[in-house]
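Here the sequence shown stands for residues 1 to 1220, where the numbers follow my numbering.
For every residue, glycine included, the Cβ atom is placed at its ideal position computed from N, Cα and C.
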Amino acid sequence: MTAPARRRSFVLLAGLLLAALAVGLAVWLWMRPSVPEPAEAARLVRVHNEAVAALEAGDPAAADPLLAELIEERIPAAMGLNVAAIRNRAVGAVLAIDAESGDALPAAEREAWFVRAEAAVAALQARVPDAPAGFYLESRLATAAGDDARQLEALLKTSARADAGWGSFLLYDAFGDSPDPDRTAVADAALAEARRFAPENAWVLLQYLQWATENKEPETAAAFADLRTQVAPYADGFALRQNGDVLPLIEAGEAAAKAGDWNTARRNATLLFNVLRAEEVVRSDRLAVQRHPLDFLVTDLPSTFYDASGLSRTPEATAIPVQFEPFAGPAAAPEVAGALAIETANLDLLGGEELLILTGDTVRAFSRDAGGPWAETLRYDLPADQFDGLLAADLDLDNAAAPAAAAGRNGPAVACHTADPDLVLWGPGGVLVLENRLQADGTRALVPVADQAALNALEGVSLVAAADLDQEGDLDLAVLSEGGPSLWFNRGNLTFENRTGRSDLGEKAFAATDVLAVDLDRDVDLDLLWGTAGAAAPVGVWENLRHGEFRAQIESAGGPLGFELLDADGNASWDLAVADGERVRLHTSVAPAPGRLRWSEPRTISEFPATRLRSLDHDNDGRVDLLAWGPDGVRLLRNAAGGWEDVSDRLPATQGRIQDALPRDLDGDGDLDLVMLVVDRVVVWENRGGDANDSLQVALLAEFDNDGTDPKRTNHVGLGSLLELRRGPVYQAAVVRDAVTHFGLGPKTDGPAGEALRVLWPNGIPEVVREPTGGALCHPQKLGGSCPYLYTWNGERFIFATDLCWAAPIGLQLAEGVFAPTRAWEHVKIDGADLKPRDGRYELRVTCELWEADYFDRIELTCVDHPPGTHVFTNEKVGPPELVEPRLYAAVTLHEPVAARVRSGEEEAGAWRDVLETIRKRDEDYVRPFELKRTQGYTAPWTLELDLAGSPRAGAVLLLTGWTFPTDTGLNVALSQNPDLPGPRPPTLLMETAEGWETVLPNAGFPGGKTKTIALPLPDFRSDDRRVRLSGTQELYWDRAAWCVPGKVEVRETQAELLSADLRYRGFSARRWPEGGHGPDQFDYQNVTAEQIWPPMAGPFTRFGDVRELLTAADDRQAVLASGDEIALSFAAPPLRDGWMRDFIISSIGYDKDANLHTVHGQTVEPLPHAGMTRYPPPPGEPFPDTPALRDYLKDYQTRPADARAFWRAVRDQAEDVTP
C-alpha cells in the first residue's frame, strides 16, 4: 500500500473511530440518568399519584402500566422515584393474585399476573435487599401459588427484618398448625419471638398462652401476668358482657403455671381465648400484627425527588381573589373586656349564629338582627376567675316537637335544629354544666343542672370535649384535669356518671390545647384525638374499644400540640396537620383495613412556628386550607394542587397574640368568616371574595320518625358524623364538629352541589343524599334495624312477605349486661295468595338487607291445606316460653269485636277513642294506640280495649294482626342508664271480672317485626262480660283484631322438598313508607341497588354457591349471610286437593346479629352461635363444638372475608371514575 493510501486509510479509520466515539457518547448521554426539569417532574408526580389511587381503589391493572412507565424513567436513583415505582408495582401485582382478591380472575389472566408478580417482587428484592416488604410480598405470592416451602422461607426472612413482632407473628399464624413438626417448631419459635417483641399485645398473648401451656413453657406464668395487665382495665365491662369475671381465670392460670398444674393452666388458657377473642381490645391488637399488601404502598415521593428536580410543592397562586377585613359598623364584634374563651351557637333556635363570650365572671350571648348591632341576649354570672373554657352542645336531647315541615319521610324537607344547645364551662373551678332552658314566658335562661357536684369538684380542668363516647344517642364528656383524664357518661337526664375505671387512660395528667372526636381508623366508632404527642399516631389518641371503653395511646413525655384533621390527598383516610411550635407538618395515612392506619413520614408544609391550627376552605375551591398561629403571629396556608401556599397577605394585621379562631359564615353569604379571640377581646373578620366560588352547608338533623316524633337514636346535630361529598372527580371528607359543616365546591354552576353526599352517623348508620342542592341542607337519619327479609313469588313477581328470626337475636342487650333471650326456631305463616308455584316449584328469597349478619341452620316449607272458607294460624309470637309452643290453629269463622277503643296515658287517665272501624278488618290501616312516643320503640302507656261479645266462656283465641317498631340495643343501653325512664314494657293482657280488671298475662307476647298475626288463647272468662284489654309501652300498631273458636277443621300438612339453595350477593331493595295508615315500611324486590350501603362486619361469612346441605338439618352448620346477600330457595310443589286452599308455614332455625355498636360482638361474625349454648355470647365452657364435621364445615364453607373496601371507598372511588 502506498503512503498516500496508508494516509487515506488512517484518516478513514480515525474518522470511523471518532464517529463511533461520538455515537457512543451520544448513547451514553441519552442513557445517563438525568434530573428532570420541573415541568417533567410534575408530570411524573401526577403519574405516580394516579397509580397510587388505582392501587388503593383495588385496580392493579390500571396502575401497572403507569408504574412500568415510571420504572423506565432514566433519573438518578437517589431521587427515589424508581424504587417507589418498583415497590408499588410489586404491591399491585401481588394484590392481583392475592388469595383474597385474585381467585375470580380467568386462568390465563391469573397466570399472566403470576409471571408479572414474580418479576416485580424479584426486582424489589434486588433493589432493596434488606427491607421486609419484598419478602412479605413474596410470602403472599407463595401463598397464592400454594408453595408452602417458599412461603416459609419468605416469612423467615420477613421475620428477621421486621420490627414490632408482626413478621414473627405472621410466620406463626401461617405454620402454627402445620402437620410438619419441623415447620411447627419454627412457628413456635416465631410465636415466642412475637411475644418478646409485643408483650402488650393481647392477641399475641392469648395465642402464646395456648401454645405455652401445651408445651409447659417456663414463661407461661409471666405471660398470664402480662395478659392481666392488658385486660384488667376492661374487666368490669367484660363481666357485664360475658356474665363473669375473667381476672380470676387469669390469676388461677398464672398460679397453676407456677405450681406446674398444666391441666388447669391449659384449660384456663383455652377458656380465656374463647371468651376474649371477639372483644374489641383483642381484635384491635390482632389487627396490629396483621399485614396487607397495601401496608407497603409508597404513597408520596421522598423530599429528595422534589429537592433534586427543583419542583416546588407550592404551586403558583391560581385561586380567586380573597381578602379578610374586620367587620365594620353594626357587624363589628361586641366590645367585651377580659374575654377568655369564645364559641358560637344558635341558643334561641331562631336561625342565626350567636356569639358566646366567657369572661372571668360572666358568660354572655350576643345576637344581631339583620342590619343591627350585636346585642346581649343571655347572661349568666359566675364566681370570679373559676372558668376559662367554654363549649356549646345539646346535652339533654330536649327538642319539644318535630318541626311542622317534618310531616313524614315522603313529605317536604325537614326544618333544621329544634334542640337548643346547653353550655359546659371549665377551669380552676372544675366543670359547670348550664342547661339552656326555655321559660314559660318565652325567654331563655341558663340554669345550672342538678347533681353535678362531682364535676364541680374536679380541680384544674384544662380541656373538655363533648361527644357521644358510647354512641347510644346523647353526648358525654371527656375531661382533662390536674387529677388526670376522666370520662363522664350522660345518663340521659342531664346527670353524668364517672366511668373512667372501665378504660385505660393512663394515670398521669397531660397537657393539650385541642381535642376532636372522630372515627380516626374508619372502624365505625368515635376515637378521641388530643393535642399531645401520640404513641401510635402523630397526636394522642384514645382508641374506642366500644361499650364506653377507651385505650390511651399517648406519649407520657409529650407536650401540647396544635393539630387539624383533613383528608389532604383524598384517599378516604384521614391525615393530620401538626403544629409543634417550630413548624407545621403534614402526616398522611393509608387505611389498609378498618381499624388500622399506616402513617407516612411527615413533610413540612410551613416553617412558621405555629402552636395552633384551624382548618377552613377560605376560597371555596374544594380544598381545605389551614389557619396557623402562634407567638409570632398568624399565617393562612392555602392547600393547592401539589402543595401549600402561604397567602397570609389576605389577612389583616393583628394587634396582639391570637388565643383562638373559629371559622363561621356569620353573614350567610356562603364563605367562611373568622371569629377571633385576640389577647382578651373578640374581633370578627369578614371574608370578601370567597363567595365567588360555590359552597354547600350541611346541617344534620337526627331524623323524626314518620309520626313526627324524635326517636333519639343519635345526638341531634350529628356531632362526630363522617361526611363524604363527591362532585365530579373531587372527593371531600369532613367530620361534623358544629351545627353546620361547610364544603367549598369550586366554580359556580347551575347543577347540584355534587352527585352524592354520604353521612355516617355516630351510631354507625349511613345515609346517602343523591344530588344535594347548594346552600343549607338539613338531612334526616334512617333506621338501621335488623332481621332478614322474606320475599315470595306470587305468580307475577316477588313480593315482600315478612321478616324472620325476630325471636332469635344474639348479643342484643335489653339493658347494659342484660341480654335478650334467644329462641332459634320459629314457624311463620305465609298467606296462600302470596306464594304461588312457578314451573312446579315454590320460589322464595331470604335476604340480608340491614346492618347485620344472619345465620341459618335449617329452613323448611310446610304446605298447609284446608277446606275453602276456613282459616289457619300459627302460634308464632315473641313472648314467654309457655305462650309460644308450636301449634296450629284452624277455625271455620273469624268474629269481629263489637267494640274497640284506645286510651293513651297512665291508668285511668286520658280520654278513650273509638277505633272499631279501623281495627275490625285487615286493610293496612293501623291503629296507633299511643299519643306520646318517648324514643323509637318506647311510648307512653297505652291501652287497647276490645269487646268480644258472643265469645264462649272458654276456648276462645284472640287474633291480633299488627307490627312492632322496636328499640335497638343502643337505645336499650341508654334507657337503662336513665333512672327516669324504665323502658318499654310488652303488652299485658287484662280481663274484666266482677271485681274489676285483673291482669291474667303479665307478658302476652307481641308480633315480631313487620306485620304478622299472633294467636293468643284466652283464659276462661270469669264473668258475663267479654271485654279484654292490652296495655303496654312498646311501640305497636294494630291492623285487625278478631277472635275464633278453633274447631274440627280437616288440615293436611305436607313438607315441601328443598330442591336448591343458592347463596349469592344481590344488593338492597328499594324502601318506601306508606303514605298513611301507620303501616310499616315496604320493600320492592324488583327495584334493587347493588352498591354496598352498610359498614362491613368482620367475617368470615359463608362462601357463595350451593348451601342446600347446610339448610336441611339442624346440625350447627349454618349459612352465614352478610349485608346484601340472598339465599334463593326452591321447593317442590306437592299436589293440592281440588277445591281446597293452601297456606304455608316457613320454619327456620337461625339467629340474627345486629351490628349496632352496643350489640355484644356486633361488629364480627364470631363467635358462631350453636344449639348447645345457654346464652350468647357463649360462656367460657360452651365454645363452638369442635367435631370433625364442623371442622370440615369451617374449612369448606366459612371462607369468605368481608369486603371492607366496597363500603369505605365507595364515595371516593366513584369520584375517581368521573372524568374531569
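Exercise for review: Examine chain C for any beta-carbon lying closer than 8 Å to the beta-carbon of threonine 1112, and answer yes or no.
Suggested key: In the structure shown, chain C cannot be found, because there is only a single protein chain.
Check your understanding: For isoleucine 765, which three-state DSSP category applies?
Key -> Walking along the sequence shown from the start, residue 765 turns up at place 765. Here isoleucine 765 sits in coil by DSSP.
Review point. How far does the beta strand (DSSP E) with leucine 958 in it reach, from first residue to last?
Key: Within the sequence shown, numbered from 1, the residue matching residue 958 stands at position 958. Element bounds for leucine 958: 957-964.
**Study point:** Integer Cβ distance of alanine 138 from valine 121, believed to fall under 8 Å
**Key:** Position 138 of the sequence shown, counting from 1, holds the residue named residue 138. Position 121 of the sequence shown, counting from 1, holds the residue named residue 121. Looking at the sequence provided, one finds glutamate at residue 138 rather than alanine. 5 Å between Cβ atoms; contact.
**Study point:** Alpha carbon of phenylalanine 1238 to alpha carbon of tryptophan 599, nearest angstrom
**Key:** Missing from the structure shown is residue 1238; the chain here goes from 1 to 1220 and no further.
Practice item. Rank Gly570, Gly690 and Pro631 by C-alpha distance to the C-alpha of aspartate 617 and give the top, closest one. Key: Counted from its first residue, the sequence shown places residue 617 at position 617. Looking at the Cα atoms, Gly690 is the closest of the given residues.
Check your understanding: Apart from the five residues on each side of it in sequence, which residues of its chain come closer than 6 Å, Cβ to Cβ, to arginine 241?
Key -> As a first step, residue 241 is located in the sequence shown; it is residue number 241 there, counting from the start. Answer for arginine 241: Val1160, listed in chain order.
**Study point:** Inside the region 826-867 only - alpha helix (DSSP H) runs reaching at least 4 residues
**Key:** none
Exercise for review: Measure how close the beta-carbons of arginine 1040 and arginine 901 come, nearest whole angstrom, since I'm counting them as under 8 Å.
Suggested key: Within the sequence shown, numbered from 1, the residue matching residue 1040 stands at position 1040. Within the sequence shown, numbered from 1, the residue matching residue 901 stands at position 901. Rounded, the Cβ-Cβ distance is 15 Å, inconsistent with contact.
**Study point:** Anticipated Cβ contact below 8 Å, valine 828 with glutamate 876, distance rounded
**Key:** The residue you call residue 828 lines up with position 828 of the sequence shown. The residue you call residue 876 lines up with position 876 of the sequence shown. With 8 Å as the limit, valine 828 and glutamate 876 qualify as a contact, their Cβ atoms being about 5 Å apart.
Point to revise | Backbone CA spacing between leucine 597 and valine 541 [nearest angstrom] | key: Numbered from 1 along the sequence shown, position 597 holds the residue referred to as residue 597. Numbered from 1 along the sequence shown, position 541 holds the residue referred to as residue 541. Their Cα atoms are separated by approximately 12 Å.
Check your understanding: Between tyrosine 855 and valine 1120, is the Cβ-Cβ spacing less than 8 Å?
Key -> Here residue 855 corresponds to residue number 855 of the sequence shown, with the count starting at 1. Here residue 1120 corresponds to residue number 1120 of the sequence shown, with the count starting at 1. Cβ atoms of tyrosine 855 and valine 1120: closer than 8 Å.
**Study point:** Where threonine 969 sits in the DSSP three-state scheme
**Key:** Locating residue 969 in the sequence shown gives position 969, where the first residue counts as 1. Correct three-state label for threonine 969: helix.
Review point. Between which two residues does the alpha helix (DSSP H) containing glycine 483 stretch?
Key: The sequence position of residue 483 within the sequence shown is 483, counting from 1. Where glycine 483 is concerned, there is no enclosing alpha helix (DSSP H), given that its DSSP letter is neither H nor E.
Check your understanding: Around the C-beta of proline 412, are 16 or more other C-beta atoms found within 10 angstroms, so that it is buried, or is it exposed?
Key -> Position 412 of the sequence shown, counting from 1, holds the residue named residue 412. The predicted model places proline 412 with a pLDDT of 27, which falls under 50 and marks its position as unreliable; any figure quoted below should be read in that light. Under this definition proline 412 is an exposed residue.
Practice item. Check the DSSP bridge columns for glycine 746 and list the partner residues they point to. Key: Position 746 of the sequence shown, counting from 1, holds the residue named residue 746. According to DSSP, which records beta bridges pairwise, glycine 746 is partnered with Asp694.
Review point. Looking at the structure shown, is tyrosine 136 part of a helix, part of a strand, or coil, going by DSSP?
Key: One-based indexing of the sequence shown puts residue 136 at position 136. If DSSP states are grouped into helix, strand and coil, tyrosine 136 belongs with the helices.
Exercise for review: Kindly identify the DSSP beta-bridge partner or partners of serine 303.
Suggested key: Working through the sequence shown from its first residue, we reach residue 303 at position 303. According to DSSP, which records beta bridges pairwise, serine 303 is partnered with nothing at all.
Check your understanding: Would you say asparagine 794 and lysine 748 are within 8 Å of each other, going by their C-beta atoms?
Key -> As a first step, residue 794 must be located in the sequence shown, where it is residue number 794. As a first step, residue 748 must be located in the sequence shown, where it is residue number 748. No, the Cβ-Cβ distance between asparagine 794 and lysine 748 is not below 8 Å.
Check your understanding: Contact between the region 804-824 and the region 757-776: three or more CB pairs below 8 Å?
Key -> no
Practice item. Examine the ligand GDP and report whether any of its heavy atoms sits within less than 7 Å of the Cβ of glutamate 906. Key: This structure lacks the ligand GDP; in fact it carries no ligand of any kind.
Practice item. With DSSP as the reference, label histidine 895 as helix, strand or coil. Key: Locating residue 895 in the sequence shown gives position 895, counting from the first residue. Three-state result, histidine 895: strand.
Check your understanding: Looking only at C-alpha atoms, which of Leu883, Ala536, Gly840 and Ala454 sits nearest to arginine 497?
Key -> Within the sequence shown, the letter at position 497 stands for residue 497. Per the sequence shown, residue 497 should be read as glutamate rather than arginine. Per the Cα distances, Ala454.
Practice item. Less than 8 Å between the CB atoms is what I'm expecting for phenylalanine 1144 and leucine 723, so what's the real figure, rounded? Key: The residue you call residue 1144 lines up with position 1144 of the sequence shown. The residue you call residue 723 lines up with position 723 of the sequence shown. Their Cβ separation, rounded to whole angstroms, is 46 Å, which puts phenylalanine 1144 and leucine 723 out of contact at 8 Å.
Review point. For serine 1023, does the count of other Cβ atoms within 10 angstroms reach 16, so buried, or fall short, so exposed?
Key: For the purposes of this step, residue 1023 is identified with residue 1023 of the sequence shown, where counting begins at 1. Classification of serine 1023: exposed, given that the 10 Å Cβ count is below 16.
Point to revise | Alpha-carbon to alpha-carbon, leucine 971 and glutamate 945 | key: In the sequence shown, residue 945 corresponds to position 945, counting from 1. In the sequence shown, residue 971 corresponds to position 971, counting from 1. Each residue's alpha carbon lies about 29 Å from the other.
**Study point:** Bridge-paired residues (DSSP) for valine 584
**Key:** Locating residue 584 in the sequence shown gives position 584, where the first residue counts as 1. Answer by DSSP bridge pairing, in chain order: Ala579 and Ser606.
Practice item. State the Cα-Cα distance for the pair alanine 1126 and leucine 719, rounded to the nearest angstrom. Key: Here the question's residue 1126 lines up with position 1126 in the sequence shown. Here the question's residue 719 lines up with position 719 in the sequence shown. The sequence shown places glutamate at residue 1126, not alanine. So the two alpha carbons sit approximately 35 Å from each other.
Exercise for review: Tell me whether leucine 356 is buried or exposed, calling it buried when 16 or more other Cβ atoms sit within 10 Å of its Cβ.
Suggested key: If you number the sequence shown from 1, residue 356 lands on position 356. Looking at its Cβ environment, which holds 16 or more other Cβ atoms inside 10 Å, leucine 356 is buried.
Point to revise | Same chain only: Cβ atoms within 6 Å of alanine 232, ignoring 5 sequence neighbours per side | key: To locate residue 232, count along the sequence shown from 1; it is residue 232. The answer is none, since no qualifying residue turns up.
**Study point:** Simplified DSSP assignment, three categories, for histidine 48
**Key:** Here the question's residue 48 lines up with position 48 in the sequence shown. Histidine 48 falls in the helix class under three-state DSSP.
Exercise for review: Kindly list the residues whose CB is nearer than 6 Å to the CB of glutamate 931, restricted to its own chain and excluding five residues on each side of it in sequence; keep chain order.
Suggested key: For the purposes of this step, residue 931 is taken as residue 931 along the sequence shown, with counting starting at 1. Excluding positions up to five away in sequence, the list reads Ser904.
Check your understanding: Looking at the structure shown, is alanine 739 part of a helix, part of a strand, or coil, going by DSSP?
Key -> Numbered from its first residue, the sequence shown carries residue 739 at position 739. Coil, per DSSP.
Practice item. Could you round the C-beta distance between leucine 477 and valine 464 to whole angstroms and report it? I think they count as a contact, below 8 Å. Key: Stepping through the sequence shown from its first residue, residue 477 is reached at position 477. Stepping through the sequence shown from its first residue, residue 464 is reached at position 464. Yes, leucine 477 and valine 464 are in contact; Cβ-Cβ is about 6 Å, under 8 Å.
Review point. Would you say the region 1026-1040 touches the region 940-959, given that touching needs at least three Cβ pairs under 8 Å?
Key: yes
Check your understanding: Closest by CA to alanine 1004, which one among Asp1020, Ala579, Gly996 and Pro986?
Key -> Stepping through the sequence shown from its first residue, residue 1004 is reached at position 1004. Answer by Cα proximity: Pro986.
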